[in-house]
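Asker: Residue numbers (this note's numbering), protein chains in the order written: chain A, 1 to 333; chain B, 1 to 333.
Below you'll find the structure I mean.
Written as structure tokens, this is what we have:
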């Protein structure tokens, strides 16, 4: 099998031939058709992730065909077109992941390879309307967005949601899902180009958070949103506390801008705010996410696609954060 | 009518004779038997509350007898023994108060007086098992505790709740209610005497937050609580983020220690925490709180009682923060 290998921090990614994988009991091998990058993969290449083990085969997102199965796996799975739920060992509690929870790709072998080994319960039939590239783009960011918006955010048709950092994988899926269920979607970005793209996809309005008074402008034009989905945190979090309507919810699925400078608890209790953390999602969340995608024929927004041999270019694209939607890596046909 | 009047900031409280109150349509006059202090009253005397208007008649808590009624109020209310819901104009939404919401006592005339005027819907029959002093001690802090614990915290029988700053009115009611529904209750205080008192009332354990490793000690002895009810915020809030179990909830009803130094959003999203603000409560919350109190024959913990003429002593007792439970002010018999 071909694998993209990170041998140590800051070293270039290498494509290596490795031994084929052998499925144990309950496991399947997926021969991958396409994979996709997540910010997590990039951070690991930068040494900015807890518990990195080298050599690492990165990649959490993938779609392909079940080619081999271990003992006690239904034989009818062989040949099935699937995408992979990258959450391993979530456990039985819907409200949080178990302490054994892992994300596919480091420390285990990931999807930036010609094949990957996963528990049989982690593969799901590929929604028929999706191409291989689209299917590969969906899992991690789609799951994270679905849980943040629907499960933790309790998003409701007709409500207004503010989604920060549009263009990012999770933010863009959150917009897609919110529009699908009939929400009014407001977005932010530091790029006017991304805001314009979001509007063309259905966002009601976009605000450049690099401007001083974007919060006031949003408030005067659209009122206070009762749901905010944020992956940034940082100094901008204070603006979100101001913007959230009384009784409103802010779901955090990341903190790319670091810890908030200050959280004004007076605002939190007087406005009866709900600040909810969310990460990835359960197998149940994944099934519900796929159901939403299939019912509405939703398609992931793909920014660009690379062949596996050009994997370094794919990571450079992510390093620049200019993408709108997912970066997909296709296997040679 | 006699009233305790604050004429300006830092001036001594004076007892004045004022004109009797006249009920308008839908209003009732309650001849008060007892009142109780809240931290809010003390803050107003210190000028530490938004929008203070002088002269002010303070006091949010009271119980007494309906003595006069305005037009369109059922005549059967006259002579009824009642306690008062101090939340005015909550509005129709259970999840937050309307922008017209006010708390009884500044800017309106409060309960530190021989009588008080309130909308008829703000009086409820006094639970029969409560004395006048106990009934007066219940409303504001009981309502705040009930909403924080039960409505925002979704407290469940058998779960563990950590209640910070035990001895404070809201914290002490939260403990009473949590024990009544069969929760395991852990408490904190900077006073070992208060911790000891809390244990004698049913708390499973108490931790002095003035010690360095109280959080670690709690964790090793009782695991991580899935619900925390906090009125302090401040630097200690970070410890609460560590202590809350994955999927756990921290309800904030106050921030007497100021804004948290830092909120680690990574912890919030990775642990799938729920940080919920709560203040006072709706009329519906008030009814449910009274129902809980009546079903379980619960009695407010009263720290000390004063006659109205000694009101200055009552405020001094609050200034020292040494009380465990409520400070009650009784009318002359």
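Don't be surprised by glycine CBs; every beta carbon is placed ideally from N, CA and C.
Less than 7 Å between C-beta atoms, sequence neighbours within five positions excluded: which residues of the same chain meet that for residue 256(A)?
Answerer: 231 and 232, listed in sequence order.
Asker: May I ask you to report which of helix, strand or coil DSSP gives residue 221(B)?
Answerer: Helix, per DSSP.
Asker: Between the segment 272-287 of chain A and the segment 79-98 of chain A, can you find at least three pairs of beta-carbon atoms closer than 8 Å?
Answerer: With a cut-off of 8 Å, the segment 272-287 of chain A and the segment 79-98 of chain A count as touching, because enough Cβ pairs lie within range.
Asker: Between residue 197(A) and the rest of its own chain, which residues show a CB-CB distance below 7 Å, the 5 nearest in sequence each way excluded?
Answerer: Within the same chain, residue 197(A) has close Cβ partners 324.
Asker: Please name the residue in 185(A), 313(A) and 291(A) whose C-alpha comes closest to that of residue 362(A).
Answerer: No answer is possible for residue 362(A): the residues shown for chain A start at 1 and end at 333.
Asker: Mapping DSSP to helix, strand and coil, what is residue 4(A)?
Answerer: In the structure shown, residue 4(A) sits in a strand (DSSP, three-state: E or B).
Asker: Using DSSP bridges, identify the partner residues of residue 327(A).
Answerer: The partner list for residue 327(A) (beta bridge, DSSP) reads 304(A).
Asker: Around the Cβ of residue 32(A), are there at least 16 other Cβ atoms within 10 angstroms (buried) or fewer (exposed)?
Answerer: Buried, by the Cβ-count rule.
Asker: Going along chain A, which residues have a C-beta under 7 Å from residue 246(B)?
Answerer: Result: 96.
Asker: Which residues, taken in chain order from the segment 42-73 of chain A, show a beta carbon closer than 8 Å to some beta carbon of chain B?
Answerer: The residues in question: there are none.
Asker: Which bits of chain B does residue 160(A) rub up against, with CB to CB less than 7 Å?
Answerer: Under the 7 Å cutoff, chain B gives no residues; its nearest Cβ is about 15 Å from residue 160(A).
Asker: Against chain B, which members of the segment 256-268 of chain A pass a CB distance test of less than 7 Å?
Answerer: Here the close residues are 259, 260, 262, 263, 264, 265, 266 and 268.
Asker: Buried or exposed: residue 30(B), going by 16 or more other Cβ atoms within 10 Å of its Cβ?
Answerer: The residue in question, residue 30(B), is buried, as its Cβ has 16 or more Cβ neighbours within 10 Å.
Asker: Can you give the beta carbon distance from residue 302(A) to residue 133(A), rounded, assuming they're within the 8 Å contact cut?
Answerer: Their Cβ separation, rounded to whole angstroms, is 6 Å, which keeps residue 302(A) and residue 133(A) in contact under 8 Å.
Asker: At least one CB of chain A closer than 9 Å to the CB of residue 103(B): is that the case?
Answerer: Not one chain A Cβ lies under 9 Å of residue 103(B).
Asker: Just to check my reading of the structure: residue 136(A) and residue 36(A) have Cβ atoms closer than 8 Å, yes? What is that Cβ distance to the nearest angstrom?
Answerer: Indeed they touch by this definition, with Cβ atoms about 5 Å apart.
Asker: State the start and end residues of the unbroken beta strand (DSSP E) segment that holds residue 81(A).
Answerer: 81-84 is the span of the beta strand (DSSP E), which, as asked, contains residue 81(A).
Asker: Which residue marks the beginning of the alpha helix (DSSP H) containing residue 176(B), and which one marks its end?
Answerer: Start and end: 169-180.
Asker: Hey, quick one: how far does the alpha helix (DSSP H) through residue 237(B) stretch, first residue to last?
Answerer: Here the alpha helix (DSSP H) through residue 237(B) covers 237-243.
Asker: Tell me the residue span of the alpha helix (DSSP H) that contains residue 128(A).
Answerer: That residue, residue 128(A), is in no alpha helix (DSSP H); it is neither H nor E in DSSP.
Asker: Leaving out the 5 sequence neighbours to the left and right, which residues in its chain are closer than 6 Å to residue 171(B) when beta-carbon positions are compared?
Answerer: Within the same chain, residue 171(B) has close Cβ partners 163 and 165.
Asker: According to the neighbour-count rule (16 or more other Cβ atoms, all chains shown, within 10 Å of its Cβ), is residue 244(A) buried or exposed?
Answerer: Under this definition residue 244(A) is a buried residue.
Asker: Using C-beta distances below 8 Å, list every residue in its chain close to residue 175(B), excluding the 5 sequence neighbours before and after it, in chain order.
Answerer: Closer than 8 Å at Cβ, skipping near neighbours: 163, 166, 185, 187, 198, 201, 202 and 203.
Asker: On the premise that residue 61(B) lies in contact with residue 38(B), defined as a C-beta separation below 8 Å, what is that separation, rounded to the nearest angstrom?
Answerer: About 7 Å; that satisfies the 8 Å criterion.
Asker: Three or more C-beta pairs closer than 8 Å, one from the segment 77-86 of chain A and one from the segment 247-254 of chain B: is that the case here?
Answerer: Counting Cβ pairs under 8 Å, fewer than three are found: no touch.
Asker: In three-state terms, what does DSSP make of residue 45(B)?
Answerer: Helix, per DSSP.
Asker: Give me the chain B residues within the contact set of residue 40(A), using Cβ-Cβ distance strictly less than 9 Å, ordered along the chain.
Answerer: The premise fails here: residue 40(A) is roughly 13 Å from chain B at the closest Cβ pair, so nothing lies under 9 Å.
Asker: Answer with buried or exposed for residue 8(A), where buried requires no fewer than 16 other C-beta atoms within 10 angstroms of its C-beta.
Answerer: Residue 8(A) is exposed by the Cβ-count criterion.
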